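Structure, as structure tokens:
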Amino acid sequence: MSLVSIAVATTMRRRVGTGILAWLGGIGALVAVAHPSSCPAPSAEEALRAARDGVRWIAANQTDDGSFLYRYDRARGAVVPGYSYARHGGTLLALEQARGVGISEATNTAEPALEWAIGELTDLDGDRAAFGPETGATALLVVALVERRHQDGVTTADPLLERLGRFLVGTVTERGSVVATWDLATDEPVVGSRSPFFTGEILWALARLHAEFPAAGWDAPARRLSQYLVTERDDAEGWFPPVSDHWASYAFAEISAWPADEHGRAGLDDAELAYARRQAGLFGVQARFESQRRPDGVVRLTRGPRALTAGIGTVGEGLGGIWRLGATEDGLAPDRGAVGDRLACVASLLVDRQTHSGDARLDGAWFRQDVTQVDDAQHAISALLQALPVLQARS
Numbered sequence: 153m154s155l156v157s158i159a160v161a162t163t164m165r166r167r168v169g170t171g172i173l174a175w176l177g178g179i180g181a182l183v184a185v186a187h188p189s190s191c192p193a194p195s196a197e198e199a200l201r202a203a204r205d206g207v208r209w210i211a212a213n214q215t216d217d218g219s220f221l222y223r224y225d226r227a228r229g230a231v232v233p234g235y236s237y238a239r240h241g242g243t244l245l246a247l248e249q250a251r252g253v254g255i256s257e258a259t260n261t262a263e264p265a266l267e268w269a270i271g272e273l274t275d276l277d278g279d280r281a282a283f284g285p286e287t288g289a290t291a292l293l294v295v296a297l298v299e300r301r302h303q304d305g306v307t308t309a310d311p312l313l314e315r316l317g318r319f320l321v322g323t324v325t326e327r328g329s330v331v332a333t334w335d336l337a338t339d340e341p342v343v344g345s346r347s348p349f350f351t352g353e354i355l356w357a358l359a360r361l362h363a364e365f366p367a368a369g370w371d372a373p374a375r376r377l378s379q380y381l382v383t384e385r386d387d388a389e390g391w392f393p394p395v396s397d398h399w400a401s402y403a404f405a406e407i408s409a410w411p412a413d414e415h416g417r418a419g420l421d422d423a424e425l426a427y428a429r430r431q432a433g434l435f436g437v438q439a440r441f442e443s444q445r446r447p448d449g450v451v452r453l454t455r456g457p458r459a460l461t462a463g464i465g466t467v468g469e470g471l472g473g474i475w476r477l478g479a480t481e482d483g484l485a486p487d488r489g490a491v492g493d494r495l496a497c498v499a500s501l502l503v504d505r506q507t508h509s510g511d512a513r514l515d516g517a518w519f520r521q522d523v524t525q526v527d528d529a530q531h532a533i534s535a536l537l538q539a540l541p542v543l544q545a546r547s
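Going by this note's numbering, the sequence shown opens with residue 153, and the numbers climb by one from there.
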């Protein structure tokens, strides 16, 4: 296929996709009256309590070696086998975020979890280190370690972060895309491997590294990655509908706070801002749609079953990043109130759906169809903590 044909096909796909999304949006507007949302905002105290209970569930079910109970089926009373390094890193991040708001149970849980992660690292040539073959797992370990630095007030150099960061830089291609899987035995990328979320995760990790160590050059690969993400990623990698990328939301909030570089550049550029606006729309629609779902009745048939808690949590995390962006980017400031409303709505859903039974294996978890995973708790806790400033401001 010629370059002209590729360009035409890409343009047509965008137009068709835009038309479908507009049609779906119109249908959504027509049924909004039949499906009213229900999101009474919780108090900041209720949201904080739910986050603390989620941390307690993780702590109560943590294994002796520091890893987490990954999946549990309460109908069978059984632990379901499986594990994910990426979700371990994400849960470690949620625990460090919880430490930041004074949830004391997070400290004793994070310590062995971090020790387990460090024990699972693979040393690679060139003084690099990877946390498992999924590149996004290394990125999430980096953001968790930076969060830990913030909570502990550490400002000194960190050789471990540098080793992990050098590995991440190697996953970013000249185009700006990222490799999703790394062959640790051969120390080579798995060509063509892609993930809808690792791009945003690695972007945030590099953005955090630049904020921590601004003279080390982490910003150049981050900027290259960011431009690919906002202008090409969904089309180039075939993601449709467009990826609802909460990790990119975190990343852009980080980038927006960077000091000006040697060229006087600061904040997000026009393409990044436009992407953030589109993401705000996606997150907002998802929050409203979920708030209209019911466990039974006609709405259960028309709206489908309730989403996984992990999915609801990521919507809250994404809205939290956009809400913070609204404080630093004038182009997003006018919508900040509406974004805050949607974020409070997500917090309402999470508070309402948490389990309280008196059983340590269940209490504080979020179940869907009798199953919960650690990433349900991870994303729910992070989303609730993202909502705290909004809820506190409205109390």
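The beta-carbon is built from N, C-alpha and C at its ideal position, and this holds for glycine as well. None of these values were measured; they are calculated from a predicted model.
Member of the options whose CA lies at the smallest distance from the CA of residue i
| i | options | result |
| --- | --- | --- |
| G470 | P486, A496, G234 | A496 |
| I407 | R327, L266, R476 | R476 |
| H531 | A227, A250, A196 | A250 |
| S443 | R376, I533, G463 | G463 |
| F404 | T261, V298, A359 | A359 |
| A499 | G478, A409, A539 | A539 |
| I255 | Q303, I474, G492 | Q303 |
| D511 | A199, W209, C191 | W209 |
| T507 | C191, P311, R204 | R204 |
| L514 | V207, E198, A199 | V207 |
| A238 | G284, E364, A459, G278 | G284 |
| T259 | V231, D421, A211 | A211 |
| G322 | D310, T308, R280 | R280 |
Alpha-carbon spacing of residue i relative to residue j, whole angstroms
| i | j | result |
| --- | --- | --- |
| G317 | A388 | 25 angstroms |
| E235 | V526 | The amino acid at residue 235 is misidentified as Glu; the sequence shows Tyr. Y235 and V526: Cα-Cα distance of roughly 10 angstroms. |
| L273 | E314 | 14 angstroms |
| Y380 | P264 | 37 angstroms |
| V523 | A372 | 42 angstroms |
| W370 | L361 | 6 angstroms |
| L377 | V306 | 27 angstroms |
| T325 | G229 | 45 angstroms |
| Q431 | H415 | 28 angstroms |
| A202 | S534 | 11 angstroms |
| C191 | A332 | 37 angstroms |
| E481 | A367 | 24 angstroms |
Coil, strand or helix - residue i by DSSP
| i | result |
| --- | --- |
| E146 | A query on residue 146 cannot be resolved here, the shown segment of the chain reaching from 153 to 547 and no further. |
| W334 | strand |
| Q431 | helix |
| A517 | coil |
| V343 | coil |
| D310 | coil |
| A184 | Legend: pLDDT at A184 = 43, less than 50; position of this residue unreliable, value from coordinates given subsequently. Coil. |
| V395 | coil |
| E263 | helix |
| E286 | strand |
| D216 | coil |
| A281 | strand |
| D225 | strand |
| T127 | Lying before the first or after the last residue shown, residue 127 is absent from the chain, which here runs from 153 to 547. |
| T507 | coil |
| A374 | helix |
Close beta carbons around residue i, own chain, < 8 angstroms, minus the five adjacent residues each side
| i | result |
| --- | --- |
| W268 | D217, G218, S219, H240 |
| S547 | S195, A196 |
| A262 | L244, L247, E248, R251, R300 |
| L276 | A282, F319, L336, D339 |
| A423 | Q379, V382, T383 |
Close-in-space but distant-in-sequence residues of the same chain around residue i (CB under 6 angstroms, 5 per side omitted)
| i | result |
| --- | --- |
| A357 | A291, V294, V295, L320 |
| S329 | Y380 |
| P348 | W391, V395 |
| A439 | V467, R494, C497, V498 |
| V168 | Note that V168 scores a pLDDT of 38, beneath 50, so its modelled location is shaky and nothing firm can be said. |
| G473 | S401, Y402, A405 |
| L434 | S396 |
Local Cβ density within 10 Å of residue i, reported as buried at 16 or more and exposed below that
| i | result |
| --- | --- |
| G456 | exposed |
| T351 | buried |
| S401 | buried |
| L297 | buried |
| V503 | buried |
| V491 | buried |
| Q544 | exposed |
| D413 | exposed |
| A193 | buried |
| V542 | buried |
Proximal residues to residue i (C-beta, below 7 angstroms), its chain only, five neighbours per side dropped
| i | result |
| --- | --- |
| E353 | G288, A291, L292, W399 |
| F519 | R226, T507 |
| R327 | Y380 |
| G478 | L484, A485, D487, R488, V491 |
| A418 | W410, P411, A412 |
beta-carbon residue i near the ligand ZN non-hydrogen atom, thresh 7 angstroms
| i | result |
| --- | --- |
| S401 | The ligand ZN is absent from the structure shown, which contains no ligand whatsoever. |
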